Ligand code: NAD
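Residue numbers (my numbering): 1319 to 1826.
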C-alpha cells in the first residue's frame, strides 16, 4: 500500500517540484489524513524574504509597462497548465488540507475560473472620463499598476485564495510574493511549479517575462512579518484568523500600506417558518459539516423560527449521524479530518463551554482514533442553544453547528448581526418580503447575504469578503481588481488659457 507521503511525493514530482525543496528543509509538513510527515520543506528567513521582495520589485518595474492584454496571456497560459494538472493539484490539496476529493477539485476549478476572469479583465482595466468644469479641458481616471503584492494565505484554502489575488495582480501589472500557511507548504510548492511552467510556455511564445513575477516563501509568522513591514510592498492581502488580522492590519497601516483583510467568519442561516425545509436541510448540512467545518463561510449558526425549530433539528440530526467520516479521497467520504490536534482540542473546548452555557450537544466526539491515532477526525456536532451565549459568538474552526430559536424576523436578524464577525449569511424563505428585508439596509450586516442558498461556496464572479472583524476586504470578482491598481486623475488642458478651478483668480 502506498503511504500518504509517497502519494504526495508522486504528485509533487508530476507537477515538476524539485525534490530538494520538500526533503531537505526544516519545516515539517504533515498530512491531516493520517498525521504522517509528508515532507521537510525548505523554510525561508526574514532576510530571504527581503531579498525576494527586492527581486519582485525589480520584476514589477518591467512588468508594469507590458500591455495588460499581453499580461493576460500569461494568466491564460497558467489556466491551461492548471487544467492539465487539475487532478494532481486537487489530490494534493486533499492530502494536505484534508478536503474531500470533490472539494479539492472545486478548489482548483476556482483557480481556473479566476484565471479566465482575469484574462477577460486584462482588456477591461478601464477608468472614467469625467466632465471638466473648465473650457478646453478633459478630465479622466487611469488605473495603473501598483507594485509588489504580498499574499498571506490560510491553510483551509491553500491554493485558491492565492490564485484570487495573483491572477488579478498579474493582469493589473503587479508582481506577487506569497507566504502560504505553514500547514500547507507542499500545495504552495506545487502551485509555484505550475506557475513556472506557464511562464516557460509564455516565454517560448516570444513574450517577455521578468524573473520574479511571482515568488513563494514558506515559513511561519516571522517570514510573514518581514513581508508585512516592508515598504516596497504597497498591498498586503492577508487571509486567516482575526487574531492574525489584528497584528497584520495595524502594522501595514503604520507604514501607510494598503491592506486587504479576509478574516474569520461566524456565519448564520435563518430558517423561516415559510422555508422550503428540504432545501434548508441540505444547505445546512453542507455548510456546517462539509469541509469538516473548516471554511471561513461555514454555517456556524442556524436561527430557526420556533414553528420549524424542532422539526429542523430532528431532520438535521438524522443527516448528521449518517455523514461518512474518513479519508477525504475515499469514495463516499463527506467529512474529512480536522487539520491538527490543536483544532480538535479547540473543538472539544468549545463543546464543553456550550454545555456549560446551557447547550445540548449531539456528536462532536473523536472518530477513527484507533485507525489513525496521529490524525484528528471528529463527528460533526449539532448543538441546540437557549441563547446566543459567548461561545456562539466565537469562530471555532470545526464542524459545530449551534441552533437558536426566534419568533419575529427582526429578532432573527438581530441575532444574525449580533456577533463580531460579518462574512456570510443566508435566509431560507419563500416569502419575498422576508427575503428582501433580509437583504435590505436594515437586514444582514455581512459582506455576503444569500436567499435560499447556504452561506458556504461562493462563485468567483462576485466580490468576496466581509465586514467587522472579518476585516472589510473584498477580493476575487466584481471590481475587486481596483485594489491591485492605483488610481490617477489626469486633467488635460487643450485650450490657450489657464482657467483655475472654482473660478479662482490669480492674475500675474
Ligand atoms: P492563521 O491566522 O493561523 O494563519 C493564516 C496565515 O497568517 C498563515 O500563513 C500564517 O503563517 C500567517 N500569520 C500568522 N500570524 C502572522 C503574523 N503575525 N504576521 C504575518 N503572518 C502571520 O489562520 P489559519 O488557521 O491558517 O486559517 C483559518 C482562519 O482563516 C479562520 O479564521 C478562517 O475563517 C480564516 N479564513 C478566512 C477567509 C476569508 O476569506 N475571510 C478564507 C479562509 C480562511
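Beta carbons are placed, not taken as given, at the ideal position from N, Cα and C, and that holds for glycine. What you are looking at is a predicted structure, and each value in this text was computed from that prediction instead of being measured.
Checklist entry - Where do the ends of the beta strand (DSSP E) carrying residue 1348 lie? => result 1345-1348
Checklist entry - So, helix, strand or coil for residue 1455, using DSSP? => result strand
Checklist entry - How would you call residue 1796, buried or exposed, if buried means at least 16 neighbouring beta carbons within 10 angstroms? => result exposed
Next on the checklist: Between the alpha carbons of residue 1372 and residue 1550, how many angstroms are there, rounded?
Outcome noted: 8 Å
Checklist entry - Helix, strand or coil for residue 1747 per DSSP? => result coil
Item to check | Stretch pair the stretch 1793-1808 + the stretch 1776-1783: three plus CB contacts closer than 8 Å | outcome: yes
Next on the checklist: Quick check on residue 1739: does DSSP put it in helix, strand or coil?
Outcome noted: strand
Checklist entry - Can you tell me whether DSSP reads residue 1771 as helix, strand or coil? => result coil
Checklist entry - Considering only residues of the stretch 1454-1508, which uninterrupted alpha helix (DSSP H) runs meet the minimum length of 4 residues and lie entirely inside it, listed in chain order? => result 1478-1490
Checklist entry - residue 1561: buried (16+ other C-beta within 10 angstroms of its C-beta) or exposed? => result exposed
Checklist entry - Three-state secondary structure (DSSP) at residue 1342? => result coil
Item to check | Residue of 1532, 1826, 1790 and 1802 minimising C-alpha distance to residue 1557 | outcome: 1790
Item to check | Short CB-CB distance (under 8 Å) between residue 1540 and chain B | outcome: The chain inventory of the structure shown lacks chain B, comprising one protein chain alone.
Checklist entry - What alpha helix (DSSP H) runs, 4 residues minimum, are completely inside the stretch 1598-1644? => result 1627-1640
Checklist entry - Since residue 1803 is in the beta strand (DSSP E), which residue starts that stretch and which ends it? => result 1803-1811
Next on the checklist: Which of the three DSSP states is assigned to residue 1377 in this structure?
Outcome noted: helix
Item to check | Contact set for residue 1725: own chain, Cβ-Cβ below 7 Å, skip 5 residues either direction | outcome: 1624
Checklist entry - Using a Cβ-Cβ cut-off of 6 Å (strictly less than) and excluding sequence neighbours within five positions of residue 1808, which residues of its own chain qualify? => result 1458
Next on the checklist: Does residue 1409 come out as helix, strand or coil in the three-state DSSP assignment?
Outcome noted: helix
Next on the checklist: Does the beta-carbon of residue 1543, which I'm using as the reference point, lie nearer than 7 Å to any heavy atom of the ligand NAD?
Outcome noted: yes
Item to check | 8 Å contact criterion, which residue 1417 and residue 1717 should meet: CB distance rounded | outcome: Residue 1417 to residue 1717, Cβ: 13 Å. No contact.
Checklist entry - To which residues does DSSP link residue 1576 through a beta bridge? => result 1553
Checklist entry - Excluding sequence positions up to five away, which residues of its chain have a Cβ less than 7 Å from the Cβ of residue 1802? => result 1464, 1467, 1486, 1487, 1490, 1492 and 1553
Next on the checklist: On the DSSP letters alone, give me the boundaries of the beta strand (DSSP E) that residue 1670 sits inside.
Outcome noted: Careful: residue 1670 lies outside any beta strand (DSSP E), inside the alpha helix (DSSP H) at 1659-1674.
Item to check | Pick from 1652, 1648, 1690 and 1707 that is closest to residue 1847, judged by C-alpha positions | outcome: Outside the displayed range of the chain (1319 to 1826) lies residue 1847, so it cannot be described from this structure.
Checklist entry - How is residue 1726 classed by DSSP in three states: helix, strand or coil? => result coil
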